[in-house]
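What follows is one structure encoded as structure tokens, with my remarks underneath.
Written out as structure tokens, the structure is:
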């Protein structure tokens, strides 16, 4: 079975540019999560969706960040304009509903803003 | 503020020893707990899940849960160099009909030959 698929795996861009990260969750999963991981802050939840609807975006650091899930098989996380402090690894994860349901993570996108 | 606390380490153990990783959580609404392993440059992968007080064993791994003390631990027996990784503890909390995990910062484990 295909796992969570993220693209691109690596992104290097200059400050001020728009960055779009993509995610395809596991088919049938109800929830999709976007995380950011840094050495300083660990794994931070940015936003999550339930059945394609954004539920909680309180973790999104600034208005420069936005996320969409137009259908059950695709989500994007966009940063515009990007800044060097946005450099991190961004993970997408998906899961079924339930306290006993683990999250399945994609391979992540390593983002470097110069 | 829901919190999951882990000692960042690194925890260094010799090959063949028992590695003990600990985690405390603040939300008593959390009923189940997950341990993920994350190799450097890779994504977290699930290794253990526990929801009942006591021990749960899976191969060389044993998860222990004490809800009264709000404490979860992971024991790795016969540690191998391939176990060297960061171990993340996660505690899902009820939130508006959903269960949203809070992750600890992770404990770095180094198993030396």
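Residue numbers (the working numbering), protein chains in the order written: chain W, -6 to 107; chain Z, 415 to 527. A virtual CB, placed ideally from N, CA and C, is assigned to each residue, including glycine. Being a predicted model, the structure only gives us computed values, none of them experimental.
When the options are compared against residue i, the one with the closest alpha-carbon
i	options	result
residue 41 of chain W	W:88, W:92, W:77, W:106	W:88
residue 44 of chain W	W:86, W:52, W:23, W:85	W:23
residue 48 of chain W	W:57, W:38, W:0	W:38
residue 84 of chain W	Z:507, Z:456, Z:470, Z:491	Z:456
residue 480 of chain Z	Z:472, Z:439, Z:427	Z:439
residue 516 of chain Z	Z:427, Z:482, Z:425, Z:445	Z:445
residue 443 of chain Z	Z:488, Z:510, Z:519	Z:510
residue 15 of chain W	W:90, W:74, W:46, W:63	W:63
Contacts around residue i, its chain only, beta-carbon distance under 8 Å, and the 5 residues preceding and following it disregarded
i	result
residue 77 of chain W	8, 106, 107
residue 459 of chain Z	450, 451, 452
Close Cβ partners of residue i (< 6 Å) along its chain, the five nearest in sequence each way excluded
i	result
residue 463 of chain Z	448
residue 92 of chain W	none
Close Cβ partners of residue i (< 7 Å) along its chain, the five nearest in sequence each way excluded
i	result
residue 79 of chain W	72, 104, 106
residue 159 of chain W	A query on residue 159 of chain W cannot be resolved here, the shown segment of chain W reaching from -6 to 107 and no further.
residue 31 of chain W	81
residue 36 of chain W	28, 30
residue 518 of chain Z	418, 419, 420, 437, 502, 503
residue 527 of chain Z	429, 495
Backbone secondary structure at residue i - three-state DSSP
i	result
residue 18 of chain W	coil
residue 2 of chain W	coil
residue 519 of chain Z	coil
Beta-carbon neighbours of residue i, restricted to chain B and to distances below 9 Å
i	result
residue 45 of chain W	As a matter of chain content, chain B is missing from the structure shown, whose protein chains are W and Z.
Within the stretch 455 to 495 of chain Z, ranges of the beta strand (DSSP E) (whole runs, at least 3 residues): 459 to 464, 468 to 472, 475 to 480, 485 to 490
Pairing CB atoms from the stretch 428 to 445 of chain Z with CB atoms from the stretch 12 to 30 of chain W, are three or more of them under 8 Å? no
Below 8 Å, how does it come out for the stretch 485 to 497 of chain Z and the stretch 511 to 526 of chain Z: are there three or more Cβ pairs, yes or no? yes
For the stretch 91 to 104 of chain W against the stretch 1 to 21 of chain W, are there 3 or more C-beta pairs whose distance is under 8 Å? yes
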